[in-house]
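Beneath this line is the structure, given in structure tokens, with notes to follow.
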Amino acid sequence: MKAKVFVALFSLVSVCAGLAADSKTADEQAVRAADAEWSKVAGAKDLDKTVSYYADDAVVLPPNQSMVTSKDGIRNLWKGFLDSLTDISWKTTRVETSNSGNMGYLIGTYAMTMKDGTKDTGKYCEVWKKRADGKWKVVADMFSSDLPLSAAAPAEKK
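For the sequence shown, the working numbering begins at 44 and goes up steadily by one.
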């Protein structure tokens, strides 16, 4: 009898673990797909759709600038980016989602070309959160260039 109970419990645990793994994989695929679509939207320079991927309480941590903590601020940041670029794209290289299925992060690389012809490549990390309606939104976004920093000019002597 104990053996039957053990087998039944083991089977139940195995099924539940399999369902959790399937759900985690589905979440990873969903957030990866959302990020790929976001890259296409930004590449098309659609400001409204680009900003729509952010949650209302999102934070953006751009390099060499103050953190941006409002939707209007994020909109202004992206407007400046899109106005100064001829193209931008990014590609996810790593996705992780929580076991609870409501948080995830992505790491990847980006490439962009400025209107003056300057090219930039870099990396990014985004934190995504699944909303009650099942849609994923960016809650934190940070990125930095792979280009070396320009040497600072020496201070003037008085």
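For glycine and all other residues, C-beta sits at the position ideal for the given N, C-alpha and C.
The stretch 79-90 / the stretch 124-140 touching (three or more Cβ pairs under 8 Å): yes
Buried/exposed call for V50, threshold 16 Cβ in 10 Å: Low per-residue confidence applies at V50: pLDDT is 48, beneath 50, and the placement is therefore not dependable enough to give any value.
For K209, three-class secondary structure by DSSP: Lying outside 44 to 201, the shown extent of the chain, residue 209 is not represented and no answer is given.
Span separating the alpha-carbon of A154 from that of G160: 13 Å
Cα-Cα separation between Y96 and M157, rounded to whole angstroms: 23 Å
Identity of the residues DSSP links to R137 by a beta bridge: I150
G116 vs T135 beta-carbon contact at 7 Å: no
T156 - partner residues in DSSP beta bridges: D130, K162
Beta-bridge partners of F186, as assigned by DSSP: Y167
Rounded straight-line distance, which links the Cα of S187 to that of K166: 6 Å
Buried or exposed by the 16-neighbour rule on C-beta atoms within 10 Å, applied to D189: exposed
Neighbour-count burial assignment, A69, 16 or more Cβ in a 10 Å radius: exposed
Spatial distance of S129 from V170 (CA atoms): The amino acid occupying residue 129 in the given sequence is Thr; Ser does not appear at that position. Cα to Cα, the separation comes out at about 26 Å.
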